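Numbering (the numbering used here), first residue to last: 274 to 440.
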């Protein structure tokens, strides 16, 4: 892929705690960057992915992550996380993330992760809701972010969470 294949990016500064003694980001830290990239991607679309499960609307479980290391990221370097949902299946989302040094086209890391919609009460998969599907597909195809109030089920889940967080 190329940077142009991504409609969303966010930046992060590499912290010492994410590095080994040589000041190079250690492998486990990249899953932390994935979490940051994923959270910011959904926040950009209008909701916080980590609060939605409380409403019973949807939760996601990671079923597969593949990380390809191309070049090391180093302490105090600002890195850019390019994120996209490449595919939506019936119950799954495939998220791609590429990491670059700020202002560079040198690919550091390529990550692909598959998330499955999850129903905790039954410990089974759950279809990706139509509002989430519509929101992501519209963004990935056109760059447009649909207002959440046009997505009634998602809007109810967000309202549920706001009401419970303000108690």
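All residues carry an ideal CB built from backbone N, CA and C; glycine is no exception. Since the structure is predicted, the reported quantities are computational estimates derived from the model, not experimental observations.
Q.
Helix, strand or coil, according to DSSP, for residue 432 in the structure here?
A. Residue 432 sits at position 159 when you count from the first residue of the chain shown. Three-state result, residue 432: helix.
Q | Close beta carbons around residue 391, own chain, < 7 Å, minus the five adjacent residues each side | A | Here the question's residue 391 lines up with position 118 in the chain shown. The beta carbon of residue 391 sits closer than 7 Å to those of 332, 333, 334, 398, 399, all from its chain and outside the five residues before and after it, given in chain order.
Q: Have a look at the DSSP bridge pairing and note the partners of residue 333.
A: Locating residue 333 in the chain shown gives position 60, where the first residue counts as 1. Note: residue 333 sits in a beta bridge opposite 390.
Q: Inspect the CB distances between the segment 321-332 and the segment 292-299 and report whether three or more fall short of 8 Å.
A: Judged by Cβ distances under 8 Å, the segment 321-332 makes no contact with the segment 292-299, as fewer than three pairs qualify.
Q.
Under DSSP, the alpha helix (DSSP H) around residue 309 begins and ends at which residues?
A. By 1-based counting over the chain shown, the position of residue 309 is 36. Counted as a single uninterrupted DSSP element, the alpha helix (DSSP H) harbouring residue 309 occupies residues 302-318.
Q: With a cut-off of 8 Å on the beta carbons, I'd call residue 313 and residue 283 a contact; round off their distance for me.
A: By one-based count along the chain shown, residue 313 stands at place 40. By one-based count along the chain shown, residue 283 stands at place 10. Correct: roughly 4 Å between the Cβ atoms.
Q. Based on Cα-Cα distance, which residue from 414, 413, 416, 432 lies nearest to residue 422?
A. The sequence position of residue 422 within the chain shown is 149, counting from 1. Among 414, 413, 416, 432, the Cα nearest to that of residue 422 is on 432.
Q. Is the CB-CB distance between residue 352 and residue 384 below 8 Å?
A. Your numbering for residue 352 matches position 79 in the chain shown. Your numbering for residue 384 matches position 111 in the chain shown. The answer is no: Cβ separation not under 8 Å.
Q. Do you know how far the Cα of residue 289 is from the Cα of residue 315?
A. Position 42 of the chain shown, counted from the start, is the residue given in the question as residue 315. Position 16 of the chain shown, counted from the start, is the residue given in the question as residue 289. Each residue's Cα considered, the two are about 27 Å apart.
Q) Helix, strand or coil: how does DSSP classify residue 274 here? A) One-based indexing of the chain shown puts residue 274 at position 1. Coil, per DSSP.
(Q) I'd like to know whether the C-beta atoms of residue 349 and residue 287 end up nearer to each other than 8 Å. (A) Residue mapping note: residue 349 aligns to position 76 of the chain shown, counting from 1. Residue mapping note: residue 287 aligns to position 14 of the chain shown, counting from 1. Closer than 8 Å, so yes.
**Q.** C-alpha gap between residue 429 and residue 317, whole angstroms
**A.** Numbered from 1 along the chain shown, position 156 holds the residue referred to as residue 429. Numbered from 1 along the chain shown, position 44 holds the residue referred to as residue 317. When rounded, the separation of the alpha-carbon atoms in residue 429 and residue 317 is 18 Å.
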